[in-house]
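Okay, so here's the structure we're looking at.
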Amino acid sequence: MLKHFLLISLLAFTVTATIPSYAQRASDLAEKWEQRTNEIINEASESQRIEFEILTTQNGVIHSIEHLLSGMKKSVKSCGDANPQMKDDIRTAYTNFKGPLEAPLDNAKRRFSSLLSRQSLLTTSKMRAYFDLTNEVAIMQDQQVDWVAVTRKEDCQDFLDDLHDTGKRDELVGFLNRDFAKEINAQLKKQQAR
415 MLKHFLLISL LAFTVTATIP SYAQRASDLA EKWEQRTNEI INEASESQRI
465 EFEILTTQNG VIHSIEHLLS GMKKSVKSCG DANPQMKDDI RTAYTNFKGP
515 LEAPLDNAKR RFSSLLSRQS LLTTSKMRAY FDLTNEVAIM QDQQVDWVAV
565 TRKEDCQDFL DDLHDTGKRD ELVGFLNRDF AKEINAQLKK QQAR
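Just so we're aligned, residue 415 is where the sequence shown starts under our numbering, counting upward by one.
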């Protein structure tokens, strides 16, 4: 019995000792991402670097807005739990805020996928893997931050007011609808004309 217990303890220690900490894993992943980014940029021609900038910008906008909506959803829950009298108003306001973003977000994802399949840097699958890595690094780094749930009535009221601010929502829709490929190519043409 004692031998069995010692063997299990030794195995548990070995497994625990070989699993890197979350912070270390995040750091290793970020280092891998940085190395991969440098490889792509260093091997790219000038026009490929522009393609890379376009793809990176489009991916960043998509995932930043998805991250924002995810954080807002958590705030909807924390505010509703802490302030039951506001729960329905906040849920409705969140739904009304998020609704007009859904189609532009889907269009932005399709545009990104199309750009990804037409880029000339790497194979589509390798480039998709790079952006999956990019997004994973961002998520892991975000998870290392201690986020504080919104629960105070005043903060929840401010959050509700922000949800009712259609100007902020329209600004996000505008970002999703932007054609970064056209904008970056126009900037490049201006630079070349100088």
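Using N, Cα and C, we set each Cβ at its ideal position, and we do this for glycine too.
Check	Outcome
Under 7 Å, do L386 and A507 count as touching if we go by C-beta distance?	Here the chain has residues from 415 to 608 only, and residue 386 is not among them.
Nearest to L519 by alpha carbon, out of I454, E445, G588?	G588
Measuring from the CB of L482, is there a heavy atom of the ligand NAP at a distance below 6 Å?	The ligand NAP is absent from the structure shown, which contains no ligand whatsoever.
Three-state secondary structure (DSSP) at T537?	coil
Going by beta carbon distance, what residues of the same chain come within less than 7 Å of E550, once the five residues before and after it are set aside?	L443
How far does the alpha helix (DSSP H) with W447 in it reach, from first residue to last?	436–457
Leaving out five residues before and five after L577 in sequence, what residues of the same chain have Cβ atoms less than 8 Å from its Cβ?	M486, I504, A507, Y508, N510, F511
Once the 5 residues before and after K501 are set aside, which same chain residues still bring their CB inside 7 Å of it?	G494
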